[in-house]
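Chemist: Add 13 to a position in the sequence shown, counting from 1, and you land on the number used in the numbering used here. If you scroll down you'll find the structure; I have some questions about it.
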Amino acid sequence: MAEPIRKIIIAGGGTAGWMSAAALKAGLGQTVDILLIESEDIATVGVGEATIPTMRVFNEHIGVNEAEFIRATEATFKLGVEFRNWGHTGNRYFHPFGDYGATHEGLAAHQIWRRLKAEGDDTPLEAYSLATQMAYAGKFFPPNPDPRSPMHDYSYAFHFDASLYAKFLRGHCEARGVKRRNAKITGVNQRSADGHIESLALDDGSVEMADFFVDCTGFRGLLIEGALKAGYTDWSDYLPVDRAWAVPTAKSADLSPYTRSTAHTAGWQWRVPLQHRTGNGHVYSSRFMDDETARTVLLDHLDAQPLKDPMLIRFTTGHRNTFWDKNCICVGLSSGFLEPLESTSINFIQLGIIRLLELFPSREIDPFLRQEYNTRTLDAYEKVRDFIILHYCTNTRDEALWRYCADMPLPDDLAYKMELYRRRGEVILRKYDHFAEPSWVSIYNGQGVIPDTYDPLANRIPLETLRTLMQTRRDGIQRVVAQLPSHAQFIAQHCPSDNFMKTVV
Ligand code: FAD
């Protein structure tokens, strides 16, 4: 009979540490003791404010009430990402968390749209996306779960203060029996027989033992790299941005229900509105711009007063070669990092820990479980990497970074997917793709990649039928959006933080 795991240590108390603690507690109940060790003397990365809709599933899984979570973390709602100057200067498009209308007789909405375009109809594809129209109008209302409702086909995520989320989860976890120690980990003790981690040495001279370890120590990867020497695969040839200046600004009048990403000469700038302030950052490639210029670019493009000096963060895009080695997995920044363009890092935390629960081992650690975990995790990383590359490689801008991205060799699978889309709008989805068909369509379309032709099955439906169908969709969206409350009104009515009420502009 295999010996069960009785105690897990989570090293690190940033977003990854506390999300891991909450999910493991929810999944394992009282069968396993969980101890989280974090050092208040070592800062968390301090950014990471935009999410994708899976965040809601995570909160539900761990039993968090949405309105409480929103108030505690100064959260706002996110219907997608607005891209400005991506593709070419002056361009503007939206990646919505929703589709462009239901399929009709098996035809995807973008195929119908492409047929109408071939017939001279210039209506933009975005006119058929409820989430996009809501976002552009600055409105928000949650979707209706009834599939017959016109308010059904979209989703939402959150912008929130990641350090407040970690604090909120700490309270949640401690109330459920997770133990916490504030101490610096100074040593990792491994079994001489097989190299498994036995215990962690702390700066107060004590030692904490466990059967299994979750490394959430951030970029430094104290256990997975420091002790187990997992190694790191650098993907910066595909995704050359490697630094960010981040700065919060005072709350602005524009409480948009979406993240804004504005392309600049050597990178791009995020804008994430929260209830009490706005998060901003300029992500850039140090190969193509020096730090001081990048800082100036950020400060020159803010829409409100900075609340402090900008903070510089350096990173290397890529991933650990092994995500689970011996009796240790790495979660969060210790496992790797893809730039925040599509806000996927917090989702990787969630996936990593849920995957561990799915493949949860006994103390002996079956190497096949470990291998499966590593294969799935790498697959997920590659799929997100390719989706992010799509935003860069399809540009026609004229600066050095952008020319590099337009000319760089692509991963084979992405090149294949793009070719199929270019030919007739086929979107290929693989098992661990994070983003669904409408997401891929939104980026292709926004970046100016229009399929040469459309699915010939669209020809079997009379043109007038298709025109009427799409006109009805467009009109329906306009009617619905007109009736909705603004994003700020919705928050004020349902989930205002104390600060929101104080800082209404
Ligand atoms: P950290 O926040 O670095 O936490 C590490 C923890 O380990 C800390 O508690 C620290 O005290 C502890 N620790 C370290 N060493 C020791 C030691 N020796 N002893 C004890 N404790 C120790 N993600 C998104 O999903 N959306 C975004 O919009 C987004 N934007 C980002 C923008 C940038 C520029 C960057 C760099 C990241 C962004 N991320 C984003 C990623 C997100 O910030 C991280 O995924 C998330 O914060 C998790 O970080 P972490 O907990 O892994 O690491």
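Just so you know, even glycine gets a beta-carbon here, dropped at the ideal spot from N, CA and C. No experiment lies behind these values; they were computed from the predicted model shown.
Figure out for me which residue from Ala317, Thr86 and Thr390 has the closest Cα to the Cα of phenylalanine 2.
Modeler: The chain is shown from 14 up to 518; residue 2 falls before or after that span and cannot be answered.
Chemist: For glutamine 124 and tyrosine 405, what's the separation of their Cα atoms in angstroms?
Modeler: 24 Å
Chemist: Note down, one range per segment and in chain order, each alpha helix (DSSP H) of at least 4 residues found wholly within the segment 390-476.
Modeler: Fully enclosed alpha helix (DSSP H) runs of 4 or longer: 413-420, 425-437 and 450-459.
Chemist: List the residues that DSSP assigns as beta-bridge partners of leucine 48.
Modeler: Ile22 and Lys192
Chemist: If I follow the unbroken beta strand (DSSP E) through methionine 222, where does it start and stop?
Modeler: 220-222
Chemist: Going by DSSP, what residues sit across from histidine 332 in a beta bridge?
Modeler: Note: histidine 332 is bridge-paired with Thr246 and Gly349 in the DSSP secondary-structure output.
Chemist: Taking 8 Å as the limit between beta carbons, can you name the residues of its chain near glutamine 318, skipping five residues before and five after?
Modeler: Same-chain partners within the cutoff: Thr262 and Ala263.
Chemist: At the level of alpha carbons, what is the spacing between valine 518 and aspartate 267?
Modeler: Unreliable positioning characterises valine 518 in this predicted model, as indicated by a pLDDT of 49, which lies under 50. The coordinate reading is nonetheless provided below. Using only the alpha carbons, I get a separation of about 9 Å.
Chemist: Just the C-alpha distance for glutamate 477 and glutamine 484, rounded to the nearest angstrom, thanks.
Modeler: 10 Å
Chemist: Tell me whether methionine 514 sits in a helix, a strand or coil according to DSSP, three-state version.
Modeler: helix
Chemist: Are the CB atoms of glycine 26 and alanine 170 within a distance shorter than 8 Å?
Modeler: no
Chemist: Could you check which residue in Glu139, Phe373, Leu482 and Arg194 has the C-alpha nearest to that of arginine 19?
Modeler: Phe373
Chemist: Quick check: the Cα distance between glycine 61 and serine 162, rounded to an integer number of angstroms?
Modeler: Within the model, the alpha-carbon separation for glycine 61 versus serine 162 is close to 33 Å.
Chemist: Would you mind sorting phenylalanine 381 into buried or exposed? The rule is 16 or more other CB atoms within 10 Å of its CB.
Modeler: When all chains shown are included, phenylalanine 381 counts as exposed.
Chemist: My parser needs the beta strand (DSSP E) runs of 3 or more residues fully inside the segment 243-303; what are they?
Modeler: Within the segment 243-303, the complete beta strand (DSSP E) runs of at least 3 residues are 245-247, 256-263, 272-277, 280-286 and 290-297.
Chemist: Which residues mark the beginning and the end of the beta strand (DSSP E) in which isoleucine 210 is found?
Modeler: 210-215
Chemist: On a Cα-Cα basis, can you pick out the residue from His108, Asp112, Leu370 and Thr230 that is closest to aspartate 54?
Modeler: Thr230
Chemist: Helix, strand or coil for isoleucine 378, going by three-state DSSP, please let me know.
Modeler: Under the three-state reduction of DSSP, isoleucine 378 is assigned to coil, being neither helix nor strand.
Chemist: If you draw a straight line from the alpha carbon of alanine 35 to that of arginine 480, how long is it in whole angstroms?
Modeler: 50 Å
Chemist: Kindly indicate which three-state DSSP category cysteine 343 falls into: helix, strand or coil?
Modeler: strand
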